[in-house]
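Asker: Residue numbers (the working numbering): 10 to 114.
Glycine included, C-beta positions come from ideal geometry on N, C-alpha and C.
None of these values were measured; they are calculated from a predicted model.
(1) Please check the pair residue 60 and residue 112, which I expect to be a contact at CB under 8 Å, by giving their CB distance rounded to whole angstroms.
(2) Relative to the C-alpha of residue 42, which candidate in 104, 31, 102, 74 has its C-alpha closest?
(3) Do you know offhand how far residue 26's Cα is from residue 71's?
(4) On the CB-based measure, 16 or more other CB atoms within 10 Å of its CB, does residue 103 come out buried or exposed?
(5) What distance in whole Å lies between the Cβ atoms of residue 57 and residue 101, which are believed to be in contact at a cut-off of 8 Å?
(6) Can you give the Cα-Cα distance for residue 64 and residue 50, rounded to whole angstroms?
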């Protein structure tokens with residue numbers, strides 16, 4: 010029997026992505042989520058279930074999902090549309106530290 014475990018945070022991220030989410034990307038989104046949670050818990054030394062991490066994780070996962078295919082680029086211009094990209098991992102780390110969530114032992 011195939012039992013699917015749902016994650017309410019991933020469900021919220023999918024809802025917030027709206028039309029930008031492709032239903033065939035569920036494994037990609039799960040992988041990105043797991044990576045971001047690992048980074049956030051390593052930086053803060055908090056448990057993954059700590060709700061204080063949720064807004065930071067959601068923001069980073071959405072950013073990472075939307076920037077797929079642009080790895081390594083700092084900016085891109087096409088016609089009259091331009092986009093610039095920051096390092097999402099560095100931004101996540103800085104946001105967590107500025108938010109006072111980092112624990113130093």
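Answerer: Taking the coordinates as given:
(1) Against the chain shown, residue 60 aligns to sequence position 51. Against the chain shown, residue 112 aligns to sequence position 103. Going by Cβ atoms, the distance from residue 60 to residue 112 rounds to 16 Å, so no, they are not a contact pair.
(2) In the chain shown, counting from the first residue as 1, residue 42 sits at position 33. When each option's Cα is compared against that of residue 42, the closest is 74.
(3) On the chain shown, residue 26 is found 17 positions in, with the first residue counted as 1. On the chain shown, residue 71 is found 62 positions in, with the first residue counted as 1. Roughly 7 Å between the two C-alpha positions.
(4) For the purposes of this step, residue 103 is identified with residue 94 of the chain shown, where counting begins at 1. Looking at its Cβ environment, which holds fewer than 16 other Cβ atoms inside 10 Å, residue 103 is exposed.
(5) Indexing the chain shown from 1 puts residue 101 at position 92. Indexing the chain shown from 1 puts residue 57 at position 48. With a Cβ gap of about 14 Å, residue 101 and residue 57 do not count as contacting.
(6) Your numbering for residue 64 matches position 55 in the chain shown. Your numbering for residue 50 matches position 41 in the chain shown. Rounded to whole angstroms, residue 64 and residue 50 show a C-alpha spacing of 13 Å.
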